[in-house]
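Residue numbers (the UniProt record's numbering), protein chains in the order written: chain A, 1 to 135; chain G, 1 to 135; chain X, 1 to 135; chain F, 1 to 135; chain V, 1 to 135; chain C, 1 to 135. All residues carry an ideal CB built from backbone N, CA and C; glycine is no exception. Everything numeric in this text was worked out from a predicted model, so none of it was measured.
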């Protein structure tokens with residue numbers, strides 16, 4: 001028997017794709033319009049997926065109210081922020097959705113009461129582009 | 001080669017989270033506003049996912065018309081009902097989404113022509129909370 | 001020049017359609033499965049639409065943060081409640097979506113800083129049934 | 001007989017709410033987290049609504065392929081841009097959604113083959129906040 | 001006091017845009033890929049909007065169960081059909097969404113118990129193109 | 001560490017379910033209304049899911065601009081077409097969603113720069129029916 005439980009939240013951030021490991025020319029070629037010097041932004045959708053057994057007494061896999069609070073702490077770091085300028089993590093790695101979903105995964109894992117339940121994080125960058133990360 | 005096929009339906013039910021195994025105080029603390037004595041309700045989204053090979057003659061994994069009919073039988077039990085008061089299964093277990101998605105899984109499995117194809121059931125309680133169950 | 005501004009929120013309630021002005025037989029015939037004695041429930045979507053001019057200094061029609069707070073006060077009355085049992089208004093009128101959207105309209109109007117801006121309320125009962133009310 | 005026709009597109013921009021007509025303190029108080037110095041961003045949804053009669057020969061209100069091309073010209077100005085830094089219009093007015101939807105309305109109107117058909121523009125800033133503008 | 005009530009249904013049809021009033025060359029130029037000789041198809045979304053007063057006894061604007069049945073009769077004409085080949089109306093007019101939404105409007109109006117309540121029909125051809133018709 | 005990346009596109013096609021391996025009577029019985037002689041159609045949603053490691057220099061799993069271009073080549077084969085009449089593949093196999101999602105999988109795989117990354121294709125036939133294929 002395997003149960004999963006998922007919570008969905010949204011946040012709105014600015015960012016610019018630009019890697020210090022590449023020349024300006026390379027950055028422009030690889031990231032295209034996402035390399036616009038003044039940046040752009042997204043309404044990201046973030047989904048956290050937990051996996052495990054259900055406590056027969058409460059009928060719950062994990063306390064949803066606790067998960068909401070823990071996700072809110074992570075949202076405070078990225079929501080209504082410029083990822084590259086306001087978030088320390090993106091000082092050294094480009095703020096691609098791949099790197100962002102990994103940052104969200106690590107950030108929620110360290111806050112969960114039972115981190116071993118974390119199965120996956122999903123990040124919708126737009127209606128058309130979706131990214132996931134798991135260990 | 002692995003194919004899956006999914007059918008999505010919705011239903012509207014009332015329920016109240018309250019476990020007979022816990023005191024009133026504990027129920028209130030653990031379930032919060034979901035423990036409101038007079039109950040609340042949801043438009044649930046239920047997705048059944050089958051997995052298997054495709055019959056080369058028909059090009060189909062399973063007869064969708066049959067699945068619709070089999071899901072309709074299960075929907076009759078929960079749609080426009082009060083889960084705790086109208087559904088026998090929830091006399092003994094709290095009507096959390098974890099327990100509900102398991103009930104739906106067991107209920108559709110026993111009705112499928114080829115139950116071995118059932119891979120997973122998904123239940124959306126709200127736009128933000130999603131649960132799955134598989135064996 | 002006409003601007004409108006809309007805020008969308010959701011809430012989850014139980015209810016039962018049953019009019020004291022009609023016999024049990026009539027109630028059953030007119031409301032069908034919505035007359036189930038133990039009730040059922042919905043994830044309602046509530047949209048408030050304001051209409052007016054924009055303040056050239058702030059570039060805003062109305063303070064969205066204030067609207068959120070005012071809607072939250074109304075949501076406290078209906079969210080995770082049984083409309084017929086927990087909300088006084090529905091002691092005397094049946095909790096149809098028509099009556100509910102009117103209740104929401106009146107409730108938000110009396111809380112708005114500038115009630116004359118209120119244009120319309122919209123209520124999605126399910127994915128398929130939508131209701132609006134305006135004066 | 002009245003027909004309308006609507007085309008929906010999306011774009012992703014960064015912006016910051018900050019009005020030069022107000023002090024820093026006022027900006028912070030009125031715009032809240034939207035005043036974050038480094039900005040934030042959105043996946044905006046933009047809908048253009050035309051209204052008029054249908055040409056009986058073609059059965060069409062307006063050439064959809066032309067509308068797509070005309071909207072694409074406007075999208076080039078705002079998509080993957082920082083509204084305040086990259087778009088001239090927002091040098092003098094704050095980039096609120098009210099001002100943005102008016103900018104989009106004026107921008108598409110001047111490009112339409114038959115501008116008198118333009119009825120309204122709609123702008124979804126997030127899943128929860130929607131704005132419209134018409135003359 | 002003005003109430004509206006809306007019901008949403010979907011149907012899946014094939015069609016081809018081709019007007020007998022125009023040459024093959026003109027058809028190709030005006031309709032583009034929609035003029036493909038073998039046709040294409042859509043999952044259409046059809047929304048019927050009624051407008052009027054609410055009966056204080058039932059709290060309803062119109063009987064939703066009756067509307068469902070009346071819409072089902074219209075859906076039988078277009079669902080899982082080729083509009084141009086299977087529907088008489090489109091023998092003489094091209095099956096553009098403008099003409100289709102008008103056909104749906106006329107077809108539901110003649111079936112409504114109180115046709116004077118019909119305010120508007122909405123037709124979503126795709127996620128991006130939406131059409132309405134009203135008298 | 002496992003990353004996935006998904007791109008979503010839509011296309012609009014006509015088709016008819018009819019298997020040359022079965023009698024007309026059998027076709028009608030098995031495919032029901034999908035066997036309508038003149039066909040019907042859908043707005044299909046197609047999602048391509050890649051799985052792999054992220055290049056630390058670019059922070060990307062795969063070049064999204066390349067994926068868009070490669071998907072566009074496949075879309076050219078099916079969009080605004082009649083699957084059975086315009087696509088060679090469906091001359092010999094019925095155009096069920098199971099066979100269609102497999103065709104899309106094979107078609108995108110042969111175009112990917114790194115085909116070993118392809119994990120799965122998903123096909124939404126309607127809002128209610130979803131199919132996947134993987135090797």
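Please classify residue i: is it buried, with 16 or more other beta-carbons within 10 angstroms of its beta-carbon, or exposed?
i: residue 93 of chain X; result: buried
i: residue 53 of chain V; result: exposed
i: residue 66 of chain G; result: exposed
i: residue 21 of chain V; result: exposed
i: residue 113 of chain G; result: exposed
i: residue 24 of chain G; result: exposed
i: residue 12 of chain G; result: buried
i: residue 69 of chain A; result: exposed
i: residue 19 of chain V; result: buried
i: residue 98 of chain C; result: buried
i: residue 72 of chain V; result: exposed
i: residue 6 of chain V; result: buried
Just the chain F side, please: which residues come within less than 9 Å of residue i by C-beta, in chain order?
i: residue 22 of chain V; result: 57, 58
By Cβ distance, which residues of its chain are closer than 6 Å to residue i, with the 5 residues on each side in sequence left out?
i: residue 2 of chain G; result: none
i: residue 42 of chain X; result: 125
i: residue 34 of chain G; result: 17
I'd like to check one pair, residue j with residue i: are the Cβ atoms closer than 8 Å?
i: residue 8 of chain F; j: residue 116 of chain V; result: no
i: residue 75 of chain V; j: residue 118 of chain V; result: no
i: residue 45 of chain X; j: residue 124 of chain X; result: yes
i: residue 85 of chain V; j: residue 38 of chain C; result: yes
i: residue 15 of chain V; j: residue 83 of chain V; result: yes
i: residue 64 of chain C; j: residue 36 of chain A; result: no
i: residue 77 of chain X; j: residue 107 of chain X; result: yes
i: residue 58 of chain V; j: residue 30 of chain X; result: yes
Output needed for residue i: all residues of its chain with C-beta closer than 7 Å, excluding positions within five of it in sequence on either side, in chain order.
i: residue 96 of chain F; result: 17
i: residue 90 of chain A; result: 83, 84
i: residue 134 of chain F; result: 119, 120
i: residue 158 of chain A; result: Not covered by the structure: residue 158 of chain A. The range shown for chain A is 1 to 135.
Taking residue i as the query, report the chain G residues whose CB atoms sit under 8 Å from its CB, ordered along the chain.
i: residue 39 of chain C; result: Those within 8 Å of residue 39 of chain C in chain G number zero; the least Cβ separation is about 16 Å.
Please compile the residues from chain V whose C-beta is within a distance smaller than 7 Å of the C-beta of residue i.
i: residue 130 of chain X; result: 6
Using a cut-off of 9 Å between C-beta atoms, extract the partners of residue i located in chain X.
i: residue 72 of chain V; result: Correct list: empty, because the minimum Cβ distance to chain X is about 13 Å.
Leaving out five residues before and five after residue i in sequence, what residues of the same chain have Cβ atoms less than 8 Å from its Cβ?
i: residue 132 of chain C; result: 101, 120, 121, 122, 123
i: residue 80 of chain C; result: 11, 12, 13
i: residue 40 of chain V; result: 14, 15, 16, 33, 34
Going along chain A, which residues have a C-beta under 7 Å from residue i?
i: residue 54 of chain C; result: 98
i: residue 61 of chain C; result: 98
Can you pull the chain X neighbours of residue i, defined as C-beta to C-beta under 7 Å?
i: residue 13 of chain F; result: By Cβ distance, chain X contributes nothing, its closest Cβ being about 16 Å from residue 13 of chain F, past 7 Å.
Please list the partners that residue i has in chain F, where partner means a Cβ-to-Cβ separation under 7 Å.
i: residue 65 of chain X; result: 32
Could you work out which residues of chain C lie near residue i, taking near to mean beta carbons separated by less than 7 Å?
i: residue 80 of chain V; result: 33, 34, 36, 40
Name, please, each residue of chain C whose Cβ falls closer than 9 Å to the Cβ of residue i.
i: residue 127 of chain A; result: 8
Please compile the residues from chain F whose C-beta is within a distance smaller than 8 Å of the C-beta of residue i.
i: residue 25 of chain V; result: Those do not exist, as residue 25 of chain V stays about 14 Å from chain F at its closest Cβ, beyond 8 Å.
In chain G, which residues lie with their C-beta within 7 Å of the C-beta of residue i?
i: residue 135 of chain C; result: 1
So residue i contacts chain A; which residues on that side make the cut at Cβ distance below 9 Å?
i: residue 28 of chain F; result: What residue 28 of chain F touches in chain A: nothing, since even the nearest Cβ is about 13 Å away.
Original post:
For the stretch 90-118 of chain C, which residues have a beta carbon sitting closer than 9 Å to at least one beta carbon of chain V?
Top reply: none
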